[in-house]
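2 protein chains.
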Amino acid sequence: MADAPREASPTPRHIRLTSHPGQGAGGALPLHWGAADPQGRGPVVGTTTQRAQRNVVGTHSGSYGVYRALAVAAGKMVRGHRADLTDTAPTDAIGPHSAWSDPERIVSIDPWGASVQQVFAPQIAAGVDIRPTIAVTKAHVHLPEIKQALAFQRLQVDGRILLDDASAAVTKIAVEPVWWLPGVARRFGVSEADLRRALFEETGGMYPELVTRSDLEVFLPPIGGQTLYVFGRVQDLADASVTLTARVHDECNGSDVFGSDICTCRPYLTHAIEECIQGAQRGGVGLIAYSRKEGRALGEVTKFLVYNARKRQVGGDSADKYFLRTECVAGVQDMRFQELMPDVLHWLGITRIHRLVSMSNDKYDAITGSGIAVDERIKIPDALVPADARVEIEAKIAAGYFTDGAVPDASALAAVKGRGLD
Amino acid sequence: MADAPREASPTPRHIRLTSHPGQGAGGALPLHWGAADPQGRGPVVGTTTQRAQRNVVGTHSGSYGVYRALAVAAGKMVRGHRADLTDTAPTDAIGPHSAWSDPERIVSIDPWGASVQQVFAPQIAAGVDIRPTIAVTKAHVHLPEIKQALAFQRLQVDGRILLDDASAAVTKIAVEPVWWLPGVARRFGVSEADLRRALFEETGGMYPELVTRSDLEVFLPPIGGQTLYVFGRVQDLADASVTLTARVHDECNGSDVFGSDICTCRPYLTHAIEECIQGAQRGGVGLIAYSRKEGRALGEVTKFLVYNARKRQVGGDSADKYFLRTECVAGVQDMRFQELMPDVLHWLGITRIHRLVSMSNDKYDAITGSGIAVDERIKIPDALVPADARVEIEAKIAAGYFTDGAVPDASALAAVKGRGLD
Chain A
1 MADAPREASP
11 TPRHIRLTSH
21 PGQGAGGALP
31 LHWGAADPQG
41 RGPVVGTTTQ
51 RAQRNVVGTH
61 SGSYGVYRAL
71 AVAAGKMVRG
81 HRADLTDTAP
91 TDAIGPHSAW
101 SDPERIVSID
111 PWGASVQQVF
121 APQIAAGVDI
131 RPTIAVTKAH
141 VHLPEIKQAL
151 AFQRLQVDGR
161 ILLDDASAAV
171 TKIAVEPVWW
181 LPGVARRFGV
191 SEADLRRALF
201 EETGGMYPEL
211 VTRSDLEVFL
221 PPIGGQTLYV
231 FGRVQDLADA
241 SVTLTARVHD
251 ECNGSDVFGS
261 DICTCRPYLT
271 HAIEECIQGA
281 QRGGVGLIAY
291 SRKEGRALGE
301 VTKFLVYNAR
311 KRQVGGDSAD
321 KYFLRTECVA
331 GVQDMRFQEL
341 MPDVLHWLGI
351 TRIHRLVSMS
361 NDKYDAITGS
371 GIAVDERIKI
381 PDALVPADAR
391 VEIEAKIAAG
401 YFTDGAVPDA
411 SALAAVKGRG
421 LD
Chain B
1001 MADAPREASP
1011 TPRHIRLTSH
1021 PGQGAGGALP
1031 LHWGAADPQG
1041 RGPVVGTTTQ
1051 RAQRNVVGTH
1061 SGSYGVYRAL
1071 AVAAGKMVRG
1081 HRADLTDTAP
1091 TDAIGPHSAW
1101 SDPERIVSID
1111 PWGASVQQVF
1121 APQIAAGVDI
1131 RPTIAVTKAH
1141 VHLPEIKQAL
1151 AFQRLQVDGR
1161 ILLDDASAAV
1171 TKIAVEPVWW
1181 LPGVARRFGV
1191 SEADLRRALF
1201 EETGGMYPEL
1211 VTRSDLEVFL
1221 PPIGGQTLYV
1231 FGRVQDLADA
1241 SVTLTARVHD
1251 ECNGSDVFGS
1261 DICTCRPYLT
1271 HAIEECIQGA
1281 QRGGVGLIAY
1291 SRKEGRALGE
1301 VTKFLVYNAR
1311 KRQVGGDSAD
1321 KYFLRTECVA
1331 GVQDMRFQEL
1341 MPDVLHWLGI
1351 TRIHRLVSMS
1361 NDKYDAITGS
1371 GIAVDERIKI
1381 PDALVPADAR
1391 VEIEAKIAAG
1401 YFTDGAVPDA
1411 SALAAVKGRG
1421 LD
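Chains as they are written, first to last, in our numbering: chain A, 1 to 422; chain B, 1001 to 1422.
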């Protein structure tokens, strides 16, 4: 630190390392998770500008809160800026649905997070710095794979879902994580105290308030959230008589953006979009729920390390060693934790998915286990599986993925080989 | 918390809210940022399993550290798992380059982070839990836009860069952030003490060690990192006589994955990939550096709120109000902070970019300001700009983006209109 420029801090003052119950109680509004009425529930307040108003651990924008801190440090942003929410309200009314007031049904997002501009208008007018944790807007999306489906006449322009320029009209919804810790703990079958301790200690000491402030029940974790793309009327999602085609998709930047052929992520995603468009054109509604869980929530560095270990192991990349290699590097096969994923479906009022475009048993079990009916499961068409992704898909089928074909046995799995590192 | 199941913690013990200098000093290896030799520099140790070994604030995997904590809480992962790094080493040797030992040139990634398996093998053998923060692998990528370029004969298969199945062969590199705080502070022209305080306070109290442990100079922030895609020989990146085509691209999930037409992100990205392939086929080398900075690092909720405000404002969406609407909602026009972005270019040994596929003045200024020469800047072809993205691109050109065409004046800007919310 010897060479660092030393300047007087513009606001020199004592640094409080952790707050204590009762501090700022004069300003902080109470939160009663699961209360039916938003006034009874109270707003989630994660502002860093009016600290006495905070009633949560953590802050808004997921991991981007770190960039906001950097903006303040760099003097690029005025300390204490409050968002001007004029004209930002959702383009589509969503809910309230019955699950919003069921404290066990939604534990990882704030059901009132999209409509704070409206439901907490009095508090905002009174000076409370309340920010949306959900935003709802409209978009037109152009996908080359949809243009190809039009060229092959698998899809037709209808002027409502699929437009003259081959784009699809969607409602899209960004959702930040808002964890009600007592409910998250129950979802995983652990005590809240153990959850809090693990979140604190296993992150290397992030947010001591997790363990010092058991009165603060809500945590805004610094992780990515979800994005929802709706094809057709958003309100139809809550109508079980309207055929719903849905995929819950976990981010895979290497395939979703760059088209890497080691997995089926983008082909399955674009196939699901095609199914959603077809379904909406037939009078149904379509939904893609996209979660920021790169590399099974292990992150991309771990994912690439595993790729190398798979392709270099004795005998080369093969389906029977697919999960083992991940476990050796990461200590676990998968960290995505589909247990929290259905929350957003309940937020939308979904009670039945007629066509689930997913083969994942983890996702299926989480969705049906949360009380949502699933009628039919849609496989990725064989023609869309890249050659090098056979290792992944066969390993997953053997481990419980949905299929209407054969489940490979051990020797069949060992015979499914991937490319080397070339 | 009343209804939470109460179980005895499997490892009941005192919870340490913040460590103190000297604690665990017996086990923690020293870090001397910028030392030329890796043994003199010392390994970055962010393990949560052997706490006495830690010599940083924070933990590995960026924001996915929270999922790892969840895995431990849920009992899905053994506390204390150490990564088995067998066969995970980089597919391509990179560096060391002179910038690796310049403590001002690289401050936000660990130059030795890709090769810990090799350079810190003695420490790993001695039981220190050292993990890579960079991973280097190979991939084949299939992009519909590249297939189209082949169909229109703008590209040809050569069997080396572009293969018979229309995929491109790449080396890809995942990079996690590793911030050396004294250097990050100097990069932004603030004192290290003020940077630490802002990072702590403006995140709502994340990592008190930021302010209590000035002896810990390295921070592993819980944010997304970068992914590098190299077309051609990685080693050629460091050879200024080999023509380098490069784009530094900031994540935009809505366009990069879903093809939203409100911005130019995916079209510019795929155009850059086409330029990279052409350049590599002519004997050069290509690079895409992809940073996880969704929505100008404001996050997607803020981004969608801004979309609504833009499209609903009096007079509708127009280029002259483009930046204003972001500033009203977010308090700042942009939080991407290109100041740290060139680090990864220096890590690769880059000293000259012959063709920079970017119009951003912020990126250009950061790259050239860091000492890398830029010969030529490549605009996005007009035909690739979606109609609704005219608002964005014209506003940016007026604000300083590179163009070889006209810079719109105030009245021209006001005349560039976007679509409404339909």
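For each residue, glycine too, the CB sits at the ideal point set by N, CA and C.
Legend entry - Pick from A:Ala-52, A:His-60, A:Pro-38 that is closest to Gly-27 of chain A, judged by C-alpha positions: Per the Cα distances, A:Ala-52.
Inset, instruction - Could you check if Gln-1117 of chain B is buried or exposed, using at least 16 other CB atoms within 10 Å of its CB as the buried criterion? - result: Here Gln-1117 of chain B is buried. Its C-beta has 16 or more other C-beta atoms within 10 Å.
Legend entry - Beta-bridge partners of Arg-1352 of chain B, as assigned by DSSP: Answer is B:Ala-1373.
Inset, instruction - Report yes or no: is there a C-beta of chain B within less than 8 Å of the C-beta of Met-359 of chain A? - result: Residue contact with chain B for Met-359 of chain A: absent (no Cβ-Cβ distance below 8 Å to any residue of chain B).
Inset, instruction - Could you say if the region 177-188 of chain A and the region 1040-1049 of chain B meet the contact criterion of at least three C-beta pairs nearer than 8 Å? - result: The region 177-188 of chain A, when compared against the region 1040-1049 of chain B, does not touch it at the 8 Å Cβ threshold.
Inset, instruction - Pick out the complete beta strand (DSSP E) segments inside the region 89-120 of chain A, 3 residues or longer, and give them in chain order. - result: Listed in chain order, there is nothing to give.
Legend entry - For Tyr-229 of chain A, three-class secondary structure by DSSP: Looking at Tyr-229 of chain A - three-state DSSP - the assignment turns out to be strand.
Legend entry - Proximity winner among A:Gln-278, A:Ala-399, A:Val-57, A:Ser-108, relative to Ile-134 of chain A (alpha-carbon distances): Ile-134 of chain A has its Cα closest to that of A:Ser-108, out of A:Gln-278, A:Ala-399, A:Val-57, A:Ser-108.
Legend entry - Close-in-space but distant-in-sequence residues of the same chain around Asp-215 of chain A (CB under 8 Å, 5 per side omitted): Excluding five sequence positions before and after Asp-215 of chain A, the CB atoms of its chain that fall closer than 8 Å to its own CB belong to Pro-21, given in chain order.
Inset, instruction - Apply the 10 Å Cβ neighbour rule to Phe-1304 of chain B and answer buried if 16 or more other Cβ atoms are within range, or exposed otherwise. - result: So Phe-1304 of chain B counts as buried.
Inset, instruction - List the residues that DSSP assigns as beta-bridge partners of Tyr-364 of chain A. - result: Paired residue(s): none; Tyr-364 of chain A is not in a bridge.
Inset, instruction - With DSSP as the reference, label Leu-244 of chain A as helix, strand or coil. - result: In this structure, DSSP gives Leu-244 of chain A an extended state, which the three-state scheme calls strand.
Legend entry - Beta carbon of Trp-112 of chain A nearer than 8 Å to that of Pro-38 of chain A: For Trp-112 of chain A and Pro-38 of chain A, yes; Cβs fall inside 8 Å.
Legend entry - Residue nearest to Ala-1410 of chain B in terms of C-alpha spacing, selected from B:Asp-1404, B:Thr-1245, B:Glu-1394, B:Arg-1105: Nearest option by C-alpha distance: B:Glu-1394.
Inset, instruction - Quick one: using the 10 Å Cβ neighbour count with 16 as the cut-off for buried, is Glu-376 of chain A buried or exposed? - result: Label assigned to Glu-376 of chain A: exposed.
Inset, instruction - Tell me, please, which residues DSSP counts as bridged to Phe-219 of chain A. - result: Its beta-bridge partners are A:Val-57, A:Trp-179.
Legend entry - Interfacial residues, the region 240-268 of chain A to chain B, with Cβ spacing under 7 Å: Across the region 240-268 of chain A, CB contacts with chain B closer than 7 Å involve Asn-253, Gly-254, Asp-256, Val-257, Phe-258, Gly-259, Ser-260, Asp-261, Ile-262, in sequence order along the chain.
Inset, instruction - Indicate whether at least one CB of chain A lies closer than 8 Å to the CB of Ala-1004 of chain B. - result: The predicted position of Ala-1004 of chain B is uncertain, since its pLDDT is 37 and thus under 50; no value can be drawn from it.
Legend entry - Classification of Gln-338 of chain A by the beta-carbon crowding that lies within 10 angstroms, buried from 16 upward: Around the beta carbon of Gln-338 of chain A, a 10 Å sphere encloses 16 or more other beta carbons of the protein chains shown; the residue is thus reported as buried.
Legend entry - CB contact check: His-1081 of chain B to chain A, cutoff 8 Å: For His-1081 of chain B, the answer is yes, since a Cβ of chain A falls inside 8 Å of its Cβ.
Inset, instruction - Please classify Leu-1287 of chain B: does DSSP put it in a helix, a strand, or coil? - result: Strand.
Inset, instruction - Determine the DSSP secondary structure at Ala-193 of chain A, reduced to helix, strand or coil. - result: Here Ala-193 of chain A sits in helix by DSSP.
Inset, instruction - Mind checking which residues open and close the alpha helix (DSSP H) that includes Pro-311 of chain A? - result: Note on identity: in this sequence residue 311 of chain A is Lys, with Pro being the wrong assignment. Here the alpha helix (DSSP H) through Lys-311 of chain A covers 300-312.
Inset, instruction - Return the residue from the list B:Trp-1180, B:Arg-1105, B:Ser-1360 that minimises the CA-CA distance to Arg-1296 of chain B. - result: The shortest C-alpha separation from Arg-1296 of chain B is found at B:Ser-1360.
Legend entry - Asp-382 of chain A in three-state terms, based on DSSP: Three-state result, Asp-382 of chain A: helix.
Legend entry - Min CB distance Gly-371 of chain A to chain B below 8 Å: False, the Cβ-Cβ gap to chain B never drops below 8 Å.
Inset, instruction - Measuring only between beta-carbons, confirm whether Lys-1363 of chain B sits less than 8 Å from chain A. - result: No, Lys-1363 of chain B does not count as interfacial toward chain A.
Legend entry - C-beta neighbour in chain A for Leu-1421 of chain B, strict 8 Å: Residue-level contact by beta carbon holds for Leu-1421 of chain B and chain A, with a gap shorter than 8 Å.
Legend entry - Cβ-based burial, Asp-165 of chain A [other Cβ within 10 Å; buried from 16]: Burial call: exposed.
Legend entry - Proximity of Ser-1061 of chain B and Gly-224 of chain A at Cβ, strictly below 8 Å: The Cβ atoms of Ser-1061 of chain B and Gly-224 of chain A do not sit closer than 8 Å to each other.
Inset, instruction - Please work out which residues of its chain come closer than 6 Å, Cβ to Cβ, to His-1142 of chain B, disregarding the five sequence neighbours upstream and downstream, and give them in chain order. - result: The residues Ser-1167, in chain order, have a CB closer than 6 Å to that of His-1142 of chain B in the same chain once the five nearest residues on each side in sequence are set aside.
Legend entry - Residue closest to Val-1128 of chain B, alpha-carbon to alpha-carbon, out of B:Pro-1182, B:Asp-1365, B:Ile-1094, B:Gly-1080: Comparing Cα positions, the closest option is B:Gly-1080.
Legend entry - Cβ of Met-1 of chain A within 8 Å of any chain B Cβ: Low confidence applies to Met-1 of chain A: its pLDDT is 34, below 50, so where it sits in the model is not reliable enough to give any reading.
Inset, instruction - For Pro-1005 of chain B, count neighbouring Cβ atoms within 10 angstroms of its own Cβ and tell me buried if that reaches 16, exposed if not. - result: With a pLDDT of only 36 at Pro-1005 of chain B, under the threshold of 50, the placement of this residue in the model should not be trusted; the figure read from the coordinates follows. When all chains shown are included, Pro-1005 of chain B counts as exposed.
Inset, instruction - Please name the residue in A:Leu-356, A:His-346, A:Pro-103, A:Leu-29 whose C-alpha comes closest to that of Ala-126 of chain A. - result: Cα-wise, what sits closest to Ala-126 of chain A is A:Leu-29.
Legend entry - Interface residues of chain A facing Glu-1209 of chain B [CB-CB closer than 9 Å]: Within chain A, the residues near Glu-1209 of chain B are Gly-204, Gly-205.
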